[in-house]
Amino acid sequence: MRKLQAAVGSNLGKQAASQERRKKRAPNSSQAKPSAPKGRISECPGTPADLANQQEEKIFQASVSPYHLFRNRTEITAFRKSLLSWYDTEKRDLPWRRQAEDEADLDRRAYAVWVSEVMLQQTQVATVINYYTRWMQKWPTLQNLANASLEEVNQLWAGLGYYSRGRRLQEGARKVVEELGGHMPRTADTLQQLLPGVGRYTAGAIASIAFGQATGVVDGNVVRVLCRVRAIGADPKSTLVSQHLWSLAQQLVDPNRPGDFNQAAMELGATVCTPQRPLCSQCPVQSLCRARQRVEQEQFSASWNLQGTLDVEDCTPITGKCQLCLPSTEPWNHTLGVANFPRKASRRPPREEYLAICVLEQSRALGGTHILLVQRPSSGLLAGLWEFPSVTLEHSGQHQHKDLLQKLQSWTGPLPATHLQYLGEVSHTFSHIKLTYQVYGLALEGQTPVTTPPGARWLTREEFHTAAVSTAMKKVFRVYEDHQPGTCKGSKRSQLSSPSSQKKPSWKKPNRGQQVLDSFFWPHVPTDTPSLNSAAQ
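Below, the structure is given as structure tokens:
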């Protein structure tokens with residue numbers, strides 16, 4: 001009992017002393033802001049925009065509690081040293097890192113970094129490795145990529161998702177070759193200004209890794225690391241928090257090894273400071289982590305049945321309520337630990353759309369069985385990719401069989417309704433939309449079309465698997481193959497002749513950008529039809 005009383009008394013004394021120190025420090029908290037690291041390369045020094053940004057940053061920093069800042073240069077130096085020492089021994093051996101380290105030509109080095117950073121957006125490292133290796137083998141230089149067709153780019157990118165990334169990457173390569181003399185811009189500012197699809201993060205990554213510019217970067221991994229290190233619980237996507245995170249990243253970046261430092265911060269977030277179950281015991285900067293300190297404080301309080309009595313610094317806002325702390329509506333969750341930081345903002349569910357799609361087959365075509373693919377528009381979702389003919393469903397599911405059959409008949413002529421077989425349903429979610437496909441199959445036995453519709457191609461099954469098609473189309477094709485004679489699921493084909501047994505979706509209005517069958521099946525002989533191996537204009 002005496003030990004408990006002594007511990008409580010000592011702890012309360014420490015808390016009072018800590019509060020007194022914070023009161024003395026609060027009026028001069030603006031002095032706690034660390035100076036910018038030496039060696040920083042100014043992206044546009046002296047411009048009105050640059051001076052305005054600096055002024056805004058000073059005003060913002062002056063209003064932030066020191067709790068969410070790094071107190072002095074000693075603390076910043078310790079963070080850099082610990083993180084880089086860990087990175088030197090623990091970093092993963094990745095092909096783009098080897099390429100950046102071994103390549104002496106600055107433009108080729110920057111190109112290699114650019115490709116990797118674009119591919120890694122919203123995509124896991126394990127998935128990217130194979131795509132990156134094949135890409136660099138096929139197009140090792142900017143000039144090689146600039147001379148490629150968009151069809152070739154889409155074909156290699158197929159399955160990686162977010163297809164506009166590949167298109168913009170090629171557009172950027174062409175601009176460098178045709179307008180910039182084949183030389184990549186050398187600073188983060190000019191990279192972002194001159195290259196299509198290059199935002200603040202990608203520009204900073206290229207500039208720091210390829211050119212050694214001391215500029216910080218903030219991606220999802222870095223957001224998580226910084227939010228935990230400085231106990232930032234507010235929505236990281238808000239303008240205020242995002243501004244603060246970029247400021248912290250710029251303060252921390254090592255001027256002597258900016259590229260390695262930025263990669264180290266991202267590596268830490270990807271392998272140690274993970275979203276769930278972070279490996280805090282392996283973290284090189286755990287002694288500087290406010291989130292870890294908060295966990296220890298909560299554990300101590302729980303063990304002694306006290307409330308916040310451990311002598312750990314906490315947030316004392318300069319004025320009013322702190323806009324960087326955990327919101328009052330989302331109090332500390334003991335089960336999450338350091339994963340309380342950052343809190344994820346609620347996401348809107350993707351909108352849902354429904355389509356009837358048909359794998360149309362010529363079983364007696366010259367050279368073997370062929371299937372029909374049509375090309376999507378050159379802009380919008382899955383721009384320029386190839387897909388099976390489809391119609392958007394806008395009313396109750398009971399008429400979808402009839403609607404799709406009517407569209408098919410507009411090209412093939414009369415068809416018995418029994419020839420169109422319902423095979424099943426498959427869904428695929430993109431970043432903002434969930435598409436549900438009602439999959440049908442139809443074999444043209446003894447009916448060989450006289451012409452090929454504009455924007456369409458008949459391909460063999462082997463050609464389909466190497467064509468520029470989306471993952472959603474590969475899912476549709478698997479449903480079709482599963483119901484072919486000779487497969488383990490072939491016997492189910494007759495059982496699925498109608499989708500009436502399926503759950504009725506809530507049909508939405510059609511997407512005007514979605515190509516429908518009658519736009520391809522007019523009896524017209526094209527004079528110049530694009531090839532799957534030519535550019536998609």
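UniProt numbering puts the sequence shown at residues 1 to 537.
For every residue, glycine included, the Cβ atom is placed at its ideal position computed from N, Cα and C.
Check                                                                                                                                                                    : Outcome
With distances taken Cα to Cα, identify the nearest neighbour of residue 268 among 172, 112, 218, 301.                                                                   : 218
In chain order, what residues of the same chain have a beta carbon less than 8 Å from the beta carbon of residue 332, not counting five sequence neighbours either side? : 294, 298, 326, 340
Using only the alpha-carbon positions, how far apart do residue 238 and residue 82 sit?                                                                                  : 30 Å
Can residue 394 be considered in contact with the ligand SAH, in the sense that its beta carbon sits closer than 7 Å to one or more heavy atoms?                         : Summarising the ligand content, the structure contains no ligands, and the ligand SAH is consequently not present.
Tell me whether residue 542 sits in a helix, a strand or coil according to DSSP, three-state version.                                                                    : This structure does not reach residue 542, given that the chain is present from 1 up to 537, and the question cannot be answered.
Once you ignore the five residues that flank residue 228 on each side, which residues in its own chain have a CB closer than 7 Å to its CB?                              : 273, 289, 291, 338, 341
Mapping DSSP to helix, strand and coil, what is residue 82?                                                                                                              : helix
Any contact between the region 101-116 and the region 67-74? By contact I mean 3 or more CB pairs, one from each, below 8 Å.                                             : no
State yes or no: is the C-beta of residue 329 within less than 8 Å of the C-beta of residue 355?                                                                         : no
Quick one: grab the DSSP three-state call for residue 138.                                                                                                               : helix
Between residue 122 and residue 161, what straight-line distance do the alpha-carbon atoms span, to the nearest angstrom?                                                : 9 Å
Does the separation of the CB atoms of residue 148 and residue 469 fall below 8 Å?                                                                                       : no
What's the gap between the Cα of residue 32 and the Cα of residue 66?                                                                                                    : The pLDDT assigned to residue 32 is 36, lower than 50, so where the model puts this residue is not dependable; a value taken from the coordinates is nonetheless given after this. In a straight line, the C-alpha of residue 32 is about 7 Å away from that of residue 66.
If you check the beta carbons only, do residue 459 and residue 370 fall under 8 Å apart?                                                                                 : yes
Within its chain, find whatever has a CB closer than 7 Å to the CB of residue 475; leave out the 5 residues flanking it on each side and keep chain order.               : 426, 428
For residue 214, which option in 186, 280, 113, 250 has the closest C-alpha, if you only look at C-alpha atoms?                                                          : 250
For my contact list, residue 384 and residue 154 are in at a C-beta cut-off of 8 Å; report their separation, rounded to the angstrom.                                    : 6 Å
For residue 80 and residue 94, what's the separation of their Cα atoms in angstroms?                                                                                     : 22 Å
With distance defined between alpha-carbon atoms, name the residue in 194, 234, 406 nearest to residue 321.                                                              : 234
Among 394, 190, 264, 167, which one has its Cα closest to the Cα of residue 557?                                                                                         : Residue 557 lies beyond the range of the chain shown here (1 to 537); nothing can be said about it.
Give, in chain order, every unbroken run of the beta strand (DSSP E) that is at least 3 residues long and sits entirely within the region 312-363.                       : 351-362
Return the CA-CA distance between residue 344 and residue 236, expressed in angstroms with no decimal places.                                                            : 8 Å
What does a CB cutoff of less than 7 Å around residue 47 pick up in its chain, not counting 5 residues either side in sequence?                                          : Note that residue 47 has pLDDT 48, beneath the 50 cutoff, so the model's placement of it is unreliable and no number is given.
Beta-carbon separation of residue 173 and residue 145 under 8 Å?                                                                                                         : yes
According to the neighbour-count rule (16 or more other Cβ atoms, all chains shown, within 10 Å of its Cβ), is residue 43 buried or exposed?                             : Its pLDDT being 39, under 50, residue 43 is placed unreliably in this model, and the value from its coordinates should be taken loosely. Result: buried.
Could you check what DSSP says for residue 455 in three-state terms: helix, strand or coil?                                                                              : coil
Specify the secondary structure class of residue 442 as computed by DSSP and reduced to three states.                                                                    : strand
Just the C-alpha distance for residue 387 and residue 482, rounded to the nearest angstrom, thanks.                                                                      : 18 Å
In three-state DSSP terms, what is residue 91?                                                                                                                           : coil
For residue 137, does the count of other Cβ atoms within 10 angstroms reach 16, so buried, or fall short, so exposed?                                                    : exposed
By the three-class DSSP mapping on this structure, what secondary structure does residue 401 have?                                                                       : helix
What is the C-beta distance between residue 111 and residue 142, in whole angstroms, given that I count them as a contact (C-beta under 8 Å)?                            : 5 Å
Tell me residue 433's beta-bridge partners as DSSP assigns them.                                                                                                         : 351
Taking the CB atoms as reference points, tell me whether residue 262 and residue 209 lie closer together than 8 Å.                                                       : yes
Thinking residue 382 and residue 372 are a contact (beta carbons under 8 Å), I'd like their distance in whole angstroms, please.                                         : The Cβ separation is near 17 Å, so there is no contact.
Given this structure, state the Cα-to-Cα distance separating residue 473 from residue 484, to the nearest angstrom.                                                      : 17 Å
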